[in-house]
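A.B. asks: Be aware that the sequence shown starts at 2, since it is given in this note's numbering, and climbs by one per residue. Glycine included, every Cβ here is placed at the ideal spot set by N, Cα and C. If you scroll down you'll find the structure; I have some questions about it.
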Amino acid sequence: LRYPPHERLGSLIDDTIEPLAATATAAEGARILASYNLVSVPVVDQVHRLVGVVSVDDVLDYLLPEDWRSHSTDQRPVSFPWTGPVKL
């Protein structure tokens, strides 16, 4: 949404970051996302054809337990540990 509609997709892609191989592990995907501060990374096959995308949400779904939404054992208020004003 930051680029004009006529902008070609190829001009927006950062090709300095290697895509994730389809054979990569979840840990490798998480490491790439975290290392480069990405929200998603393309997944390619052996001949570099795009076969999918792994997002931060995918990694969280994989890492968090299935029932993470159903209950919380942490009863601290949302303001903890930020009890004072936040400077931006």
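Less than 8 Å between C-beta atoms, sequence neighbours within five positions excluded: which residues of the same chain meet that for LEU21?
C.D. replies: Here residue 21 refers to the residue found at position 20 when the sequence shown is read from its first residue. Take LEU21, set aside five residues on each side of it, and the residues of its chain with a beta-carbon closer than 8 Å to its own are GLU29, GLY30, ILE33, VAL42, PRO43, VAL44, VAL45, VAL55, in chain order.
A.B. asks: Applying the criterion that 16 or more other CB atoms from any shown protein chain within 10 Å of the CB defines a buried residue, is VAL60 buried or exposed?
C.D. replies: Translated into the one-based positions of the sequence shown, residue 60 becomes position 59. Of the other Cβ atoms in all chains shown, 16 or more fall within 10 Å of the Cβ of VAL60; this residue is therefore buried.
A.B. asks: How many Å lie between LEU64 and LEU39 at the Cα?
C.D. replies: As a first step, residue 64 is located in the sequence shown; it is residue number 63 there, counting from the start. As a first step, residue 39 is located in the sequence shown; it is residue number 38 there, counting from the start. If you take the alpha carbons of LEU64 and LEU39, they lie about 17 Å apart.
A.B. asks: Can you tell me where the beta strand (DSSP E) with VAL44 in it begins and where it stops?
C.D. replies: Mapped onto the sequence shown, residue 44 falls at position 43. Run containing VAL44: 41-45, per the beta strand (DSSP E) assignment.
A.B. asks: Determine the direct distance from the alpha carbon of ASP62 to that of ASP68, and round the result to whole angstroms.
C.D. replies: Position 67 of the sequence shown, counted from the start, is the residue given in the question as residue 68. Position 61 of the sequence shown, counted from the start, is the residue given in the question as residue 62. Approximately 11 Å between the Cα atoms of the pair.
A.B. asks: Out of ASP58, PRO66, ALA23, state which residue places its alpha-carbon closest to the alpha-carbon of VAL48.
C.D. replies: Counted from its first residue, the sequence shown places residue 48 at position 47. Residue ALA23 is the option with its Cα nearest to VAL48.
A.B. asks: Under a CB-based cut-off of 8 Å, is VAL54 close to chain C?
C.D. replies: Structure shown: chain C not included; a single protein chain is present.
A.B. asks: Can you tell me the Cβ-Cβ gap for ILE18 and TYR37, rounded? I've got them flagged as a contact below 8 Å.
C.D. replies: One-based indexing of the sequence shown puts residue 18 at position 17. One-based indexing of the sequence shown puts residue 37 at position 36. About 6 Å separates the two Cβ atoms, so the contact holds.
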